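S.K.: Here's a structure for you.
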Amino acid sequence: MAWFKKQALIILIVCTVMLIFGLSLKFTHKYIENFDRYEVHLMDEDKLKRELVLFENTLDDSNIIIVATCEGGLRSDYKCCYQKMNVDRVIKGDKISQGDKINVLKISNISDSDERLWLDQGFVCEFKEGKSYLLFLDKKLKTYDETLYIPSKDYFMHPYFPIGDISEKVNAPSFNNRDTVFYGDTKDQDVLLTGNGSMDDYLAFREELFEEYDIG
Numbered sequence: 005m006a007w008f009k010k011q012a013l014i015i016l017i018v019c020t021v022m023l024i025f026g027l028s029l030k031f032t033h034k035y036i037e038n039f040d041r042y043e044v045h046l047m048d049e050d051k052l053k054r055e056l057v058l059f060e061n062t063l064d065d066s067n068i069i070i071v072a073t074c075e076g077g078l079r080s081d082y083k084c085c086y087q088k089m090n091v092d093r094v095i096k097g098d099k100i101s102q103g104d105k106i107n108v109l110k111i112s113n114i115s116d117s118d119e120r121l122w123l124d125q126g127f128v129c130e131f132k133e134g135k136s137y138l139l140f141l142d143k144k145l146k147t148y149d150e151t152l153y154i155p156s157k158d159y160f161m162h163p164y165f166p167i168g169d170i171s172e173k174v175n176a177p178s179f180n181n182r183d184t185v186f187y188g189d190t191k192d193q194d195v196l197l198t199g200n201g202s203m204d205d206y207l208a209f210r211e212e213l214f215e216e217y218d219i220g
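Residues 5 to 220 in this note's numbering are what the sequence shown lists, from first letter to last.
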């Protein structure tokens, strides 16, 4: 009996420490309101070609495929950001219905070290309020504050495809030693590409995808 009480006490102490640590992360996290001076990565032409081949071979296997309209700007969660979307059409997926309001992961990693500010938004710019997107998602994930829908980790580029007219701007890197630009310089764009032929490749693939899923 004494051994059992000792083990129970150890388990209680470990759980308490983990709870305190988790709460400290939650309440000490800095909720960032302005990302303009954060760097975001550009996808070059060769990487895009490889990513589009991966998309072509695997997107149909996504657990959730929907068309959704953005209903608001970025909202911050612990080390990530999401945007609220209205589900307009469910092409594939269980336990999700037309008219549902869901949170979709938009920025998956934020680094605010003293050396460099950068974030990972999967080479797809912030969703534009009122604009619709074809989204390929993997699952729901419970975070500290919300439940988010997230894409598969197999992709470098988030498989989020804007419907309708998009910005066809192709960026030149702002830094000599890395393919990045400032977030604030990309707010009017839809995808983050560099290289002369990259936008043509992206648009051609998007058109094929829209035909396959009957996106008008």
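All C-beta atoms in this analysis are idealised placements derived from N, C-alpha and C, irrespective of residue type, glycine included.
Since we're looking at a predicted model, the values are computed, not measured.
Just mark A72 as buried or exposed, buried being the case when its beta carbon has 16 or more other beta carbons within 10 Å.
M.R.: Result: buried.
S.K.: Exposed or buried, what is V57 when buried is set at 16 or more other beta-carbons lying within 10 Å of its beta-carbon?
M.R.: Answer is exposed; the Cβ neighbour count stays below 16.
S.K.: What number of angstroms, rounded off, separates the C-alpha of E150 from the C-alpha of V195?
M.R.: Their Cα atoms are separated by approximately 26 Å.
S.K.: Taking F165 as the reference, which of T198, L152 and G220 has the closest Cα?
M.R.: It is G220.
S.K.: Does the beta-carbon distance from R93 to Q87 come in below 8 Å?
M.R.: Not closer than 8 Å, so no.
S.K.: Sorted by chain position, which residues of the same chain lie with C-beta nearer than 7 Å to K110's C-beta, five sequence neighbours on each side aside?
M.R.: Once the five neighbours on either side are set aside, the close Cβ partners of K110 are L78, C85, Y86, Q87, Q125, E130 and F131.
S.K.: Classify N180 as buried or exposed, calling it buried when 16 or more other Cβ atoms lie within 10 Å of its own Cβ.
M.R.: Looking at its Cβ environment, which holds fewer than 16 other Cβ atoms inside 10 Å, N180 is exposed.
S.K.: Alpha helix (DSSP H) containing D50: first to last residue?
M.R.: Here the alpha helix (DSSP H) through D50 covers E49 to T62.
S.K.: Near Q193, what residues of its chain come up, given a Cβ to Cβ distance below 7 Å and the 5 sequence neighbours on each side ignored?
M.R.: These residues qualify, in order along the chain: C129, S171 and K173.
S.K.: Shortest alpha-carbon distance to L46 belongs to which of L123, L139, T147 and M89?
M.R.: Checking every option, the nearest Cα to that of L46 belongs to L123.
S.K.: For E49 and F127, what's the separation of their Cα atoms in angstroms?
M.R.: Cα to Cα, E49 sits roughly 13 Å from F127.
S.K.: Does DSSP put M161 in a helix, a strand or coil?
M.R.: DSSP places M161 in coil when its eight states are reduced to three.
S.K.: Using the three-state DSSP reduction, which class does E43 fall into: helix, strand or coil?
M.R.: It is a strand residue.
S.K.: Compute the Euclidean distance between the alpha carbons of F209 and V185, then round it to the nearest angstrom.
M.R.: Cα to Cα, the separation comes out at about 24 Å.
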